[in-house]
Structures are given as C-alpha cells and as structure tokens.
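Here the structure is laid out as structure tokens; the discussion comes afterwards.
There are 6 protein chains.
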Amino acid sequence: MLRSALRLRRSMATFSGLKLNEVVNVLEKFAPASLAEKWDNVGLLIEPSTDKHVERILLTNDLTEPVLGEALEKNVDLIISYHPPIFRPLTRITMCNWKERIVVGCLANSKALYSPHTAWDKVVGGVNDWLAKAVDIKGIKPLVPEPGAVDGTGSGRLVETSMPISQLVHALQDHIDNSVHVAYAVDHHPKTFVHTVGICAGSGGSVLKGIKADLVITGEMSHHELLDFNHNGTTVLLCNHSNSERGFLREFQCILKERLQEKCEVIVSEKDKDPLQTAFRSNSQAVQQVKQ
Amino acid sequence: MLRSALRLRRSMATFSGLKLNEVVNVLEKFAPASLAEKWDNVGLLIEPSTDKHVERILLTNDLTEPVLGEALEKNVDLIISYHPPIFRPLTRITMCNWKERIVVGCLANSKALYSPHTAWDKVVGGVNDWLAKAVDIKGIKPLVPEPGAVDGTGSGRLVETSMPISQLVHALQDHIDNSVHVAYAVDHHPKTFVHTVGICAGSGGSVLKGIKADLVITGEMSHHELLDFNHNGTTVLLCNHSNSERGFLREFQCILKERLQEKCEVIVSEKDKDPLQTAFRSNSQAVQQVKQ
Amino acid sequence: MLRSALRLRRSMATFSGLKLNEVVNVLEKFAPASLAEKWDNVGLLIEPSTDKHVERILLTNDLTEPVLGEALEKNVDLIISYHPPIFRPLTRITMCNWKERIVVGCLANSKALYSPHTAWDKVVGGVNDWLAKAVDIKGIKPLVPEPGAVDGTGSGRLVETSMPISQLVHALQDHIDNSVHVAYAVDHHPKTFVHTVGICAGSGGSVLKGIKADLVITGEMSHHELLDFNHNGTTVLLCNHSNSERGFLREFQCILKERLQEKCEVIVSEKDKDPLQTAFRSNSQAVQQVKQ
Amino acid sequence: MLRSALRLRRSMATFSGLKLNEVVNVLEKFAPASLAEKWDNVGLLIEPSTDKHVERILLTNDLTEPVLGEALEKNVDLIISYHPPIFRPLTRITMCNWKERIVVGCLANSKALYSPHTAWDKVVGGVNDWLAKAVDIKGIKPLVPEPGAVDGTGSGRLVETSMPISQLVHALQDHIDNSVHVAYAVDHHPKTFVHTVGICAGSGGSVLKGIKADLVITGEMSHHELLDFNHNGTTVLLCNHSNSERGFLREFQCILKERLQEKCEVIVSEKDKDPLQTAFRSNSQAVQQVKQ
Amino acid sequence: MLRSALRLRRSMATFSGLKLNEVVNVLEKFAPASLAEKWDNVGLLIEPSTDKHVERILLTNDLTEPVLGEALEKNVDLIISYHPPIFRPLTRITMCNWKERIVVGCLANSKALYSPHTAWDKVVGGVNDWLAKAVDIKGIKPLVPEPGAVDGTGSGRLVETSMPISQLVHALQDHIDNSVHVAYAVDHHPKTFVHTVGICAGSGGSVLKGIKADLVITGEMSHHELLDFNHNGTTVLLCNHSNSERGFLREFQCILKERLQEKCEVIVSEKDKDPLQTAFRSNSQAVQQVKQ
Amino acid sequence: MLRSALRLRRSMATFSGLKLNEVVNVLEKFAPASLAEKWDNVGLLIEPSTDKHVERILLTNDLTEPVLGEALEKNVDLIISYHPPIFRPLTRITMCNWKERIVVGCLANSKALYSPHTAWDKVVGGVNDWLAKAVDIKGIKPLVPEPGAVDGTGSGRLVETSMPISQLVHALQDHIDNSVHVAYAVDHHPKTFVHTVGICAGSGGSVLKGIKADLVITGEMSHHELLDFNHNGTTVLLCNHSNSERGFLREFQCILKERLQEKCEVIVSEKDKDPLQTAFRSNSQAVQQVKQ
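Chains as they are written, first to last, in the UniProt record's numbering: chain A, 1 to 292; chain B, 1 to 292; chain C, 1 to 292; chain D, 1 to 292; chain E, 1 to 292; chain F, 1 to 292.
Written out as structure tokens, the structure reads:
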C-alpha cells in the first residue's frame, strides 16, 4: 500500500482542481439528472460545504464500506457512485445501519457524493450502449425512446445482429471479463442464430418485459421472469447485476478527464466488485451443456 | 461573548463526561422512545461515531441555525432538541435546505443529536405536566392514558380547578413569561369561572378535540378549530407553539444534571426562542377587552 | 337595541328587493363559483324556497351563532358568509352540533345563505387585493395565475415594494386596525428593507410555500411553517386568520349595493369578529423587540 | 279529503303528546341505532328545535315528495321513514335536488325525521321477522347473528320449512299483497319442495351470498346474482324492494302506539308505495310457467 | 329431440366451415373488442387449440349450464355469449363453481367461446339500437358518443319521439315479447306524452344517471335509483336485464350468417332465457293501475 | 424413449389407482393448503371432472411446456407442480400465453393439477428441512414459527452449526448436485467459521431479512439485498431458485408412494430443470477466489 500512497501523493501535485458545483455542471452536461426515472434518486446526494474544492474523484459502481475506506485512504474529494447509496429516505443517521454509516463517513470527512444511475442508463454513450458492445451490432435503438431527447436516448437498447448464441455468450464473457449465466428459450440451443437482442444493464425484468427479441442481456432476473422469457421464445443471458454495469466506469474515466480539462484526477475504485462469485461444481450437468 | 467563553472554558475542566450511549440510556430511562406517537421520529437521530464522548450538552426547543451556531461556539458534544430536526425523511443532504444544513453541521463537527418530542409530552413530570402548573391544580390526569404505562402517563392532561378566566390568563402569562392569546367561548367572559381545563403543549387541536372542558391551554390552533371549541362551550388560551413547551427545559436541566451524576455539563440555549412576537396596536379593540 | 331596531324598520321601507336567484346572479358575476378551489364548497348553500324574495343582506366573515342571532334580530333575508358554514358534509341536521344548528336556524327562519370563499380570494378586486393595500404597491400579480381568467386573477398576490419591515408592520396594523404578529427571517431585523411581499389572506402556508419573497403576509401559519420561511430568508407577518379577510367586507358592501342598484339593503355584521385577542404581557421580552 | 281532515282534527284532541327526545328514547329501546350497519345512517336525522313536541307520527317506507306532502297536509310532528332520506352526505341544501327539498320541507315546517333502517332489519320482531311470516316456519335464526345481542338478533333470517315452491309463491303473494318474481334454480320446478329458506328484506344480494338454502326471499337482486343463486341450487323470490319491507309498518304501528302509551297518534302513510308496477303481457311465456 | 338431432345432422353436411381466427376477424369487424368499456372482459375468451375449425355457432345471451348442455348436444364449435362467462378473474378451475365448470366444459369438449358485451352495446346497429326500435323514433343519437368512432357509436341512446306512456309500454311489451315493469315519474300518469327517451340495455343506472329524458328504458334498476329518476321527472320502464338484450340475437343471426358467407351454421339457443318470471297476483293494486 | 415407454406400460398394470379427491386428501394431510401464505395460490388448481380417477402422478418443480409434454407422453392423471402454474388470475384462456396453454393442455387432456408451494415450505419434513440437510445440523427451528401448528412448522429455518464457509459451500454443492454462488460478508473469507445459518428455499430475501445469522442459503437474491446482508455480517449462498427446491421431490416421491399405499405410481419429471446454467469463464478472477 505504501507505493500506491506515494504514487498518489505525487500525482496530487499536478491537479489544480475545480469547485464542486463546476464538476457537477460537467456531470449534468454529460447526463442531466432530469433524464433519470421518476422513482430514482440521482444527482448531488451529499454536499459537505458550500465551497467544496475537488481535486480527486473516485468512480465506483457501488459505494460499499470497503470502497469508502479506499476513498478515505486515497483522500478523494468527490465519490461518483453509479448506484445511489441513499435510496430509502433516511429519518436518522447513526452507526446502526451501513447506509447511514456511509453518510456519516462522507460528511465527517468532507467527501461529496454524486450518483447518476438511470440518467447514465438512458444517455447516448452511457451504460447500456457500453453493454451492447458485446454484440456484433448491425443496428441499435432504445427500447423506450426518451421523449424530447437526442436521438438514441432512452431506456434499454434493441440491437440487430446475426450470431449463434454460443458465440454471443463467449463475446459477452470477454466484454465483461467474467462468467455468464444462460437460460435457453424452450426451442433454442447453443447453435441457434439470434437476430434481435434486448439490452438492459442492471435488473432488466420490467424494462425488457414483453419485447420481441430472440435474446436479452441483463444483470439479474428472477426465476419466474426467466420462465416467461424462455416460453416466449427469448434466451436470457445474465451477467450478475453489477457486472453488467461496472465496465462502463473505465470508459467514463476517460470521458470525464477530458471534460474536466485534466484539472481533476479521476480514478476507478480497486475495491468495487460484484458481491457474487460462482463456486463451480466441475462435474455438474449444467456447465457441461454450455460447451455443446 | 468573551466572558461567557471564559466561564465555559473553566467549567469544562470539571466534567469527566460519559459515553454517548450511556447518556442515551439515561435519557431513555426518563422517557423511553417507545412512548412517542407512531408518526413521530424520536431518539438518537445523529450519531457521529461509535465511541462519541459527551462532556457538554445543549438543551433547545428547536434546533434552528442560530442555535446550531451557539452549539458550535460553545463546543457542546450533544444537542437535545425537543422537536426533531429530521422529520420529513431525507433523500439527500446538501446546502440547499436548512434541515439538511443542520445535519451537515452536526456531522461535520461531530455533534450528536437526540430528540424526545412526544415521549416527553406523555411522560409523568414532562412537558404537559410542566404546562399544567399554570393552573391551580385540584386534580390532574392524562387525556389519553397510555396503556401499560405508569399511572399519570399519556397524551395531554385534564385538570380540575376553580378559577375565573382572567386570573388564569394572568397565571399563564407569568408561567410562560410571555403574552397569551384568548378566544372566549360563546357564553364566556373574563369573570367566568372554569372548573375543568384541558392541557396540550404544542399544537393541541387533535388531542383536545371533543373533550369536555371549560377551557383549554395549548400552543397554537387554527381559526376553524377555535370556532368549534368556542361554540362547544370551551374558552381557548394560546401561548404560541414553542412558548407552551420551552419552559420545561429549565426543569429538565436540573433533572438531567442529577441523573448524569454531574458528570456532564448541561446548558440551556440562549438563542432558542419562539419565532413569533406580537406587535401590539395600543388602541385596538382586541387588547382592551382582556382588561375587563 | 331599540334605536337600531327603529332605524332598521324605517330603512326597510325603502328597498323594493330582488328575487334570490337575481341576487345570486349578481354575486356570481362579481366572482363565479367556478373560480373557487376544487376542495372548496361555495355558492348558494341554503335555499329556503324557490321564490325567496331578498330585501336585506347581511355580510359576515364567519357565520357564528352570535352572527346568526344578529341576522334573525335584524330580519335579513340573505346571509353572505365569506367562510362556508357547511364544509364537512352533513349526514344529519340536529341541535347537537353548532354547524347543524346554523342550518336549522336558517331554514326554520327562511334565511338564504351564500358563501364565496376562495372565489373571492382569487378575483380581481377581491380579498387578497384588499389585503395587499397594506403595502406600498409598486407592482402586483397573482402568485398562481388562474388559467383562462382575466389578467390579475388567481391565488395569492406577489407585490413589489421598497419598505423597511418596521414601517410595513405599522402600515398593516393600520390597514387591519389590529395587532400583528411578526416572525423575523434569520438575518432580518426591523430596519431590513423588503422588496417582494407575498400575500395570502386566511391560512396561507400552502399557497405561499416555496415562493421567493422577502416577507409574506397571511392570517395564520403553523410553528414549523414559520421556521421554514424564516430559514429561507422570509419574514412572516400574521394578522390572525379572519383579521386578514374581514376588512374586505366594507369594500364589498359598497360594490354590492351599487351592483344591486340599491334595490336591497346591504349591512355588515356587528357581531362578527376574530375569536382571538392578545392578552399583552407588558414586560415581556417579545414585545420589546418590535420597538427596536 | 274533507272527511279524513275532519276525522284527523277530532282525533288530535285526544293525544297529549310527548317530547321528541322521549319518543326517540322509545324508538331506540325497540331497536337501538347502534344495531345498524357501519355504513348506514340511522337515528334522529332532523331535529327542528330543542323542545320539539310530538303529538302525531307518520310511518312510511320511503319519504318521497308525495309522502312529505301528506305529512304536511296531515300536520304530523315526526316522520319515521324506514329508509334514511339523507344517505349521501350533503354539502348544501337547495331546491335543485329532491333529497335536499325533503330536508328544506321538514325544517321549514318543523317536522322531525327519524330513520331506523338496518336497526329494524336486525332486531327481533323487526322487518325480517315480519317478512319470514310468509313461510310456514319450523325453525328460524339470523343468518349473521349479532355479537352480544339478544338471541335471534342479526342480519337476515334462515327459516326451516317444508313447502313446494308454488305454495310458497302464493303464500308470499298473500303476505305482501302483491305480485312476486320467481327465478328457479337450475334443477327446480314449481313442485320442488324447499326445506331451508333465506330471508333478507330489501336488496339481499350480499347478505344472502354464499348461504346454503333451497330458496331465498328478498326485495331485489341483480341479473348476475340471480344466475349465481340459480346455479348453486337456490330458487329466488323477489318482491320488489320496498314490498319486502312495507308490510312491517302496520305491525309497527301497533307496537309504537302501545309503547307510547297512546300519548301520540301513529298513522301509516297512504301515499307511500313501491315505485314499480308490472305491466302484465297476457300471452307471454314467462307468466304461464308459474301456473304449472 | 330426435327430429331436431336429425335435422341438425343433415344441415351439418352443407357447411364448409372456417378457421376460428377467421370467424373472430369477422366478429371484430362487426364490433371491435377495443370498443368495449375498460372494465369489461370481451373478445375470444376460450381458444381450445391453435387450429380450431368452426362449422356451427351458437348464439346466447348468457352461457348458463343448460345452454352449455345444449351446445354439447348440438355439437357446436363456437359459442358466442353476449355476457362474458369469465368476469371475476380465475385462480383455479374446478368443479366447485359454476363459472369454472363452464370453462372445464368448453375446454374438455373443444368449444371456443367469444363474448362481445359492451362492444355490441356501443356499435351502430347493435343491442341498444335494437332496443330503441320499441320507440317511434323521430331522432336518435348515443348518450355518450365514442370518440373517434363512426357517427352513432357510443353508450346508450337518446331517442326523440312523441307518444303517451301507455302506448310506449304496449310497444315495448310487443318488442321484447314479455311483461314490462313501470315506475312513473312523480307527476306522470299513463296518458302523459313523452318526447325524449333514454335507452340502455342491461343494467342502465349509471349510464342513464343525470340525463334529461321524459322516460328511460333499461333492463334493471335498483329501488333507490328508481326514486331518483322518478323525482327528477323521468318515468322508468324495466324489461328485466336479459329481456332488454336477448331479442338482438335474432337480428345478429342474420347479420353473422351473411358476413360468414353461409360457410358456418348460426343458431340461437333455445335454452337461453331470463331467470325471472312474474307470478301475477290478479287482484293486486299494482297491475290494475297500468290499465288506466 | 421406447424402453421407458415399455417400462411404463408394464408398471401401469400394477396400480389400482384412487379417486382424485382421495389423493387430494392424502396431500392435504401431509401439508394442508391452509398452511400456505395468504398471497399464495395452492391446492387443487385444475379438476377436469367430478369423478377423475388417478393411477399415475408426475412430480415437478415447475410445470413448463416441456414438462407438460412429458406428462402427456407418459399419460399421467395428476401433475403435482411445486410452483402454482396459475398465479396471476386469468380473465381468458387462449393459445397466446404459455400459462393459459398449460391450462388448455391439462383440461383438453383431462389432467388434474395440484400445487403445494408455501405449504410445503412450512411443513415439518418439507422443502426447507430438506435444504437444511446441506448443513451439519446441531439445532434447527423455524425462522417464523407457525402459530397453532406442530412444533417445527413455519417459514424458513435457523440452523446451529460449526463449519468453515468453504466446507459448507462444498457440502451444498453436493446436496443440490450443482454449482453455488457465494457473496462473502464484508469481513468474511473462505475459512471463516459460521455458527448460525438461515435457510429459505426459493427467493428468500424477505423471509431472511433482518435475521441474525453468519450465513444464509437461498435460491436467488437481488444485488441490493446481497449488499445489505454482506454489510450486516452475513455471507450468502445462492443455489439458483429451483435448485434450492427441486431435490425435495425425490424425498417426497417416497413419502407419497407410501401414503397412497402403493395404489398410484409416482414419478419425478425428467424434463424439469432450473432454467439457468453458468457459462464458466476459466480465467476469471471470481472463480479463483473460491479456491482460496
């Protein structure tokens, strides 16, 4: 840890920084909070003072306690957490609940917090457009176009392609750098060619419901939703929730650096990861079938 | 301000202090949070760390920004605010809203916050029992006795007495050290004797509604509620909301000091006051009538 | 009482009167019932017969039992009560409840009853425009303009001015001929100049909420609303609910006489008054501060 | 009309009368308002003054405008209307609506109004017990016994008997002195013997729903309810709504006279009748079948 | 029954039949399911297989168990039931409930089921237009015109005419070939001329509520609705629910035959009938009055 | 398939069978439908006739279309599907929706359908007790004991044990014969010993929420639920929804055979399987960690 601390200390010298509200303006220009779903809680969620100065920014998918520890250790000024750490409204802020401890940790250490969530899902060049890159894209459009917004903006994506399922599974594994879970449609098998692919990062059951697609890619889906898709002729690929979103942070790191004109340092969390890992049972029937 | 700062600095030396959770236990022993109304938000509302040490405690009726400024200046560790500063649940904590600024101010400066509200209203020897002392008490009981609690516990108070209204108005003025607003029952006048008095500190319209009483004392009441009481034979005395509650803090200061075995300093806010003051119109008809 | 009865009897001889529905048409022309808020209950509330003839009309802010007594004594045909005496719908009409007794009293004595309430609040030249006259008006417009109505119609008023608060308090005392209650904004004092003033007769908390104004004038407001306004930079002046409305009746008396072409006598109640009167505590701190 | 007026005038001389509240006490003793359903609106609905004296009482099933005319002509003091004329709560009382005109008519002419409705349905010896007398009763009990009330009290009645349907139809015609509508169960015919009969005066669909009975008697029932009963093995006899209730008034006339110790005259309305009458089509198939 | 079975068998030879979805297309062309009310459940309710062939169709107003028996005996392929047999959604399909038994009976015997209900009520030339033919029509339009639909489409009908009530009662008896129930407006009698007639087949209380009409014709109406209509100057004629609808089936039989180009046999149920029949009490007062 | 068909045909000869309602009685004795949750839909869901005879029974976790095909091919009389195929209530039964096609397929082929779901979850010796066998049990009790039921009955299970997580993962893999997904608590690692284990087959998020346990085992859980458990000190093992339930069918096969006294053949579906299979990415970081 010593070496990384040294490296950070040196790099700090080179960033003049910006006012928090200037950084927020840049973030809102990329994807305005007004784009987000009505039920969502996005934008600047914690503002520790009126004159907060920002030199270093940490990007994370989830602001867990290990990631907050990293933020404190690396002395960042602003945390951008894709998922909003405050979702259920708070009536008190104590040490009894991890979400409240996150708030205490930010405010006691003067860390600002910004969450974009569904605003990033909908924006052109956002999370869903990143996830769609796993597919050989012949055409792409939003599943639910956003009224009054730039063409291409909206919830989910519908991609035209022509690939066998087995090839798409491998391409998705490479894109997210992780395992993938497959639920075949009743009449599908690994060699079935798919021509329309629905995309929804995160938990896509409700956005993808009822669409006409040979295959859908999302993060997680319940058992009963899976059976519905499979009986309606749609194969489902699941990445695990945050694995369908996290890869976008590397893309956004470059975007943000440039938009802030290199005045702030932008780093991606090393502690942020999907909570789930698969304990593979070598001789189980399920794994075998994928190899066919 | 210099002299008071000096006095405080000296006094600080003499208090060994207690852990926050020990102080909370003492507060809960006086009036458990479970006594509060279902819709209320009471107890420890802000806990800045797990090992918070408390040497100085500030009592206030409302935690306004001036009172928070006083708390910072006097370097208290715990603020006990009768009214909960967090009531509408929070989805973010920024500088745009005064309630959120209070939260930032507490957490950024490691101040704990505790609010008792309706738990203090119901408890024996609490806010309503204090307010009732304005009356010449011949008998007293709760308006809504608390099931399963010590005798005398509950919402509001019903007092038996025998006083003319004019005398009670003067007694109440003395007790709260402030002006009082009077709404006479349709058939009442200053010399009418009252025998039953309903008491409800704060905004008593709903608790007092429908009770049989010659007179009620509360903090504030709407015009249409006043007309209802006056037509049902009940004269109403209003103190202004917080003037019906604030005087209890002096009583509680002594109680708390003793229960903490003098290990913490307990001070009452000098900035806390009712927002309203009456700009008296000398020759107006309304004021005259009270003198009859 | 004898002399006033004689005066009335003589005056009765000079008014030919109109049919009730003709009077209602004139009232609706001044402020149509359709202007009123959706939750309100306005218009002709009691019609004692199809061919009711109206010679004498009593104006009142609240139809209390003393005012009904006055109406019977003065033998009026129609009572115009600004506040609707029937608000909570009735499932029976008995002597157990004062609102029901008002209904019995009207119907048993063939008195018609009309209530305009929020229709008068919104109309140009109505209650809010009357209340605004306390201010030195440099510009005025509705807070919530009424869609499709004549310019200037709507809920509340926003007034441009330039006065120190202390001067405005005195002007308001003169305008309503009564005391006023003041709640200073956190950074305000008597000499602070105000430039925008929000106006809402009655209970203005919800209409005034969130507006940008240096000061607001209304009838009554709860403690927690006051703290919100004061922390958002707004001083609040309270008149007591009906004192913010009653003065309009004198203006309307002239308007109505003229519109009825002097065919009906129009009198203003002598029994109608605000239920509250302040019992002033001479040496209290609150009153002193206003004089600074 | 002259002769009846004379007869009335003479009879009036013989009744000393009672205070309204004394008559109400007698009515409540027969069937307390607390017996009525939660959704109902029963008891003293119009009280024209605190000291109303009652010499003559009119009983009616529905207080229609013709019945009110009769009440005025016969100069009664109290109308007892089985159905409450005020059901949907009133926000005004004008000549535009017949229910409101009824209220005006009562109050302008000092008529009191009392409605018992479901309190009379449930009480022992009330409306349902009267309707059940059409059946040859071998046993009888409430369908929904009233908790804590005298045995036999409750909603609806279940009667044990042994009669062919055709005989029961004729008995019911005689009992209500009117035509009856029959809906046979899928496997029933006029000669089918029935052993259990459900009774519910008025609109019995919800009270009778789901009970085990060979036949039910009620006032009215919707088409889809009829099909449900008929497919569950239950024949339905309909009387028309008020014909299933009105006959009880004659019984109650005697009960009330006696309970008032002949101090008041009690008369049954001559104008009150069911709104429906059947225009019989002589050669229609429906009528023929009943004769089999 | 033998002869009818023979006749049916012979006739079967002459119909080539159509695919179920072709028949459904023809039905939707006559009255699209999208015309129906939001709360309704119309269209193809039971589809026993993807390739169902339809040679014989049974029309019925209600699909009761006797009518299902007729459908099985006559070996029809499709039942068109005006009322939807599935209305309350099903969570199971067992033999305990007659609606569920209907579903089992259809599916176990490969019968398709289609229900048009309110789509037929609204369509031009549908159920309400058929019922209106009882009146001497001088003008006709929907009570609630359907936005965006062919002129004349909508809920209910308003007919201009000029007939005395007694004549209209007889005309309606002839049109539905059955008895009729009459509820006279407070000021009406048999010789009163009516000029506007509201029409609503089935249970018309809510559609007809508040319309200006001298008389309304519907299937059934509750007692309290009747009193409202009668006091608002409207006489009501009731046919019994299904008698106000059933006669249309004969008209539709011809329409459907032609639209299917005689490729399917279309028969009307012989078992379908209104559940109610009036047991006439010869000397009752009610019947007499109609003859005046 | 030929051999299995032969084997089936032979075996059929040996089973005398029982009436459907007798089999249902045996099933209800094992776990009464009244045990199920209020929101659930359990018991006999499809009854194709009143006198259904049952010789062969198919057990399945989910009644998918492939499993229905197997049921038809193997000519079973009753399908017992753990999950109810009818959950959202049906307003029609057509070929457009797979759940409706399941209903058509059962009724057109006279297959009965029974679903136990949460009744089996709660019963002693049911699904949760089976899943708990993966753990080295030192003590076991329900998480939510069922009031009034046999000891041990209720929702979920709480198991006392003493195992390192890595060992429990392997034991669970062996018990369900499949891969397992692991989400470590913030302070846990493979060698951490766990002492309390919460068990809930299926989707256990709500039943397990808030319990004190070192580890929980369930079928599926959302990303945000996982983060909550992990931050509250609880490691989560996920089996995939139906893999946490399916193994119980083999146990129940024996139980049912014996309780039916070998009068019916009981077989377990060969087509029933979890929709998901993991496509393992060999060099991904996630898998590696499990091996530590």
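Note that CB positions come from ideal geometry on N, CA and C, so glycine has one too. Predicted, not measured: the structure shown is a model, and the values here were computed from it.
Q.
Short of 6 Å in beta carbon distance, which residues of its chain neighbour Cys200 (chain F), apart from the five on each side in sequence? Order them along the chain.
A. On the sixth sequence, residue 200 (chain F) is found 200 positions in, with the first residue counted as 1. Contacts found: Gly156, Val207, Leu208 and Thr218.
Q: Can you have a look at Gln173 (chain C) and say buried or exposed, based on whether 16 or more other CB atoms are within 10 angstroms of its CB?
A: Here residue 173 (chain C) is taken as the residue at index 173 of the third sequence, counted from 1. Answer is buried; the Cβ neighbour count reaches 16.
Q) Per DSSP, Ile46 (chain D) forms a beta bridge with which residues? A) Taking the first residue of the fourth sequence as position 1, residue 46 (chain D) is located at position 46. Paired residue(s): C:Ile93 and D:Leu113.
Q.
For Thr153 (chain C), report the span of its beta strand (DSSP E) as first-last.
A. Translated into the one-based positions of the third sequence, residue 153 (chain C) becomes position 153. Run containing Thr153 (chain C): none; DSSP gives neither H nor E here.
Q. Got a sec? Which residues, its chain only, sit under 7 Å from Val127 (chain B) by beta carbon, not counting five neighbours each side?
A. Taking the second sequence and counting its residues from 1, one reaches residue 127 (chain B) at position 127. Only Trp120, Asp121, Ala201, Glu245 and Phe248 meet the Cβ criterion.
Q: Identify the contact partners of Lys230 (chain F) in chain A, using a Cβ-Cβ distance below 7 Å as the criterion.
A: Locating residue 230 (chain F) in the sixth sequence gives position 230, counting from the first residue. The question names Lys, yet the displayed sequence has Asn at residue 230 (chain F). For the C-beta of Asn230 (chain F), the chain A residues within less than 7 Å are, from N- to C-terminus, Pro275.
Q | Proximal residues of chain E, C-beta to C-beta of Ala31 (chain F) below 9 Å | A | If you number the sixth sequence from 1, residue 31 (chain F) lands on position 31. What Ala31 (chain F) touches in chain E: nothing, since even the nearest Cβ is about 17 Å away.
Q.
I'd like the list of long-range same chain contacts for Ser166 (chain E), defined as Cβ closer than 6 Å, with 5 residues on each side in sequence excluded.
A. For this step, residue 166 (chain E) is matched to residue 166 along the fifth sequence. Counting only Cβ-Cβ distances below 6 Å, and skipping sequence neighbours, we find Pro190.
(Q) Quick test of your reading: Leu143 (chain A) and Gly198 (chain A), contact by CB under 8 Å. State the CB separation rounded to the nearest angstrom. (A) Along the first sequence, one-based indexing puts residue 143 (chain A) at 143. Along the first sequence, one-based indexing puts residue 198 (chain A) at 198. The pair is a contact, with the Cβ atoms about 6 Å apart (cut-off 8 Å).
Q: Give every residue of the same chain whose Cβ lies closer than 8 Å to the Cβ of Phe15 (chain A), excluding the five residues on either side of it in the sequence, and list them in chain order.
A: One-based indexing of the first sequence puts residue 15 (chain A) at position 15. Counting only Cβ-Cβ distances below 8 Å, and skipping sequence neighbours, we find Glu55, Arg56, Glu262, Lys263, Cys264 and Glu265.
Q. So, is the C-beta of Arg56 (chain D) closer than 8 Å to a C-beta in chain E?
A. Looking up residue 56 (chain D) in the fourth sequence gives position 56. For Arg56 (chain D), the closest Cβ of chain E is not nearer than 8 Å.
Q: Return the bridge partner residues of Phe193 (chain A) from the DSSP annotation.
A: To locate residue 193 (chain A), count along the first sequence from 1; it is residue 193. Phe193 (chain A) pairs with A:Pro164.
Q: Please name the residue or residues paired with Ala213 (chain F) in a DSSP beta bridge.
A: The count along the sixth sequence starts at 1 and reaches residue 213 (chain F) at position 213. Its beta-bridge partners do not exist; DSSP assigns none.
(Q) Applying the 10 Å Cβ sphere with the 16-neighbour rule, what's the burial state of Asn61 (chain E)? (A) Residue numbering aside, residue 61 (chain E) sits at position 61 when the fifth sequence is read from its first letter. So Asn61 (chain E) counts as buried.
Q: Please list the residues of the segment 60–74 of chain C that have a C-beta atom closer than 8 Å to any C-beta atom in chain D, keeping them in chain order.
A: none
Q: Write down the C-beta distance between His231 (chain A) and Val186 (chain A) rounded to the nearest angstrom, noting that I regard them as a contact closer than 8 Å.
A: What you label residue 231 (chain A) is simply residue 231 of the first sequence in a count that begins at 1. What you label residue 186 (chain A) is simply residue 186 of the first sequence in a count that begins at 1. Between His231 (chain A) and Val186 (chain A) a beta carbon distance of about 6 Å is seen, short of the 8 Å cut, so the two are scored as contacting.
**Q.** Segments of 3+ residues assigned as beta strand (DSSP E) that fall wholly inside the segment 201–268 of chain C
**A.** 215–220, 235–238 and 265–268
(Q) Can you look up Thr118 (chain F) in the DSSP assignment and give me helix, strand or coil? (A) By 1-based counting over the sixth sequence, the position of residue 118 (chain F) is 118. DSSP places Thr118 (chain F) in helix when its eight states are reduced to three.
Q: Can you have a look at Arg92 (chain E) and say buried or exposed, based on whether 16 or more other CB atoms are within 10 angstroms of its CB?
A: For the purposes of this step, residue 92 (chain E) is taken as the residue at position 92 of the fifth sequence. Arg92 (chain E) is buried by the Cβ-count criterion.
Q. Excluding sequence positions up to five away, which residues of its chain have a Cβ less than 6 Å from the Cβ of Asn243 (chain B)?
A. On the second sequence, position 243 is the one that residue 243 (chain B) refers to. Only Ile176, Asn178 and Asp274 meet the Cβ criterion.
Q.
Against chain E, does Val186 (chain D) count as a neighbour if the rule is that its beta carbon must be under 8 Å from one of theirs?
A. As a position in the fourth sequence, residue 186 (chain D) is number 186, starting the count at 1. At least one chain E Cβ lies under 8 Å of Val186 (chain D).
Q) Do Leu158 (chain A) and Thr196 (chain A) have their C-beta atoms closer together than 8 Å? A) Start at 1 with the first residue of the first sequence, and residue 158 (chain A) comes out as number 158. Start at 1 with the first residue of the first sequence, and residue 196 (chain A) comes out as number 196. Yes, the Cβ-Cβ distance between Leu158 (chain A) and Thr196 (chain A) is below 8 Å.
Q) If contact means a Cβ-Cβ distance below 9 Å, which residues of the segment 81–96 of chain B contact chain I? A) Any reference to chain I falls outside this structure, whose protein chains are A, B, C, D, E and F.
Q | Inter-residue spacing [alpha-carbon to alpha-carbon] between Val216 (chain A) and Leu168 (chain A) | A | Locating residue 216 (chain A) in the first sequence gives position 216, counting from the first residue. Locating residue 168 (chain A) in the first sequence gives position 168, counting from the first residue. So the two alpha carbons sit approximately 11 Å from each other.
(Q) DSSP three-state label for Ala134 (chain E), please. (A) In the fifth sequence, counting from the first residue as 1, residue 134 (chain E) sits at position 134. Correct three-state label for Ala134 (chain E): coil.
Q: Starting from the Cα of residue 294 (chain D), find the closest Cα among D:Ala31, D:Arg281, D:Glu251 and D:Lys74 and give me that residue.
A: Because chain D here runs from 1 to 292, residue 294 (chain D) falls outside it and cannot be looked at.
Q) Got a sec: which bits of the segment 102–135 of chain B sit with their beta carbon under 8 Å from any beta carbon on chain A, in order along the chain? A) Val103, Val104, Leu107, Ala108 and Ser110
Q. Where does the unbroken alpha helix (DSSP H) through Pro145 (chain D) begin, and where does it stop?
A. To locate residue 145 (chain D), count along the fourth sequence from 1; it is residue 145. It is not in any alpha helix (DSSP H) - Pro145 (chain D) instead sits in the beta strand (DSSP E) that spans Gly139 to Pro145.
Q: With a 10 Å radius around its C-beta and 16 neighbouring C-beta atoms as the bar for buried, classify Val150 (chain D) as buried or exposed.
A: Here residue 150 (chain D) refers to the residue found at position 150 of the fourth sequence. When all chains shown are included, Val150 (chain D) counts as exposed.
**Q.** Own chain, CB closer than 6 Å to Pro164 (chain D), minus 5 neighbours either side, in chain order
**A.** As a working mapping, residue 164 (chain D) is identified with position 164 in the fourth sequence. The residues are Lys191 and Phe193.
Q: Using a threshold of 8 Å, state whether the C-beta atoms of Asp272 (chain B) and Val124 (chain B) are closer than that.
A: As a first step, residue 272 (chain B) is located in the second sequence; it is residue number 272 there, counting from the start. As a first step, residue 124 (chain B) is located in the second sequence; it is residue number 124 there, counting from the start. No, the pair does not count as a contact, with Cβ atoms beyond the cut-off.
Q) If we ignore side chains and look at the alpha-carbon of each, how far apart do residue 310 (chain F) and Thr50 (chain F) end up? A) Because chain F here runs from 1 to 292, residue 310 (chain F) falls outside it and cannot be looked at.
Q: Give a yes or no on whether the minimum CB-CB distance between Glu160 (chain B) and chain C is below 8 Å.
A: If you number the second sequence from 1, residue 160 (chain B) lands on position 160. Not closer than 8 Å to any Cβ of chain C, the Cβ of Glu160 (chain B) fails to qualify, so no.
(Q) Quick check: Leu58 (chain E) and Ser269 (chain E), are their CB atoms within less than 8 Å of each other? (A) Residue 58 (chain E) sits at position 58 when you count from the first residue of the fifth sequence. Residue 269 (chain E) sits at position 269 when you count from the first residue of the fifth sequence. Yes, the Cβ-Cβ distance between Leu58 (chain E) and Ser269 (chain E) is below 8 Å.
Q: Give a yes or no on whether the C-beta atoms belonging to Thr153 (chain E) and Val42 (chain E) are separated by under 8 Å.
A: Here residue 153 (chain E) refers to the residue found at position 153 of the fifth sequence. Here residue 42 (chain E) refers to the residue found at position 42 of the fifth sequence. Not a contact, by the Cβ cut-off of 8 Å.
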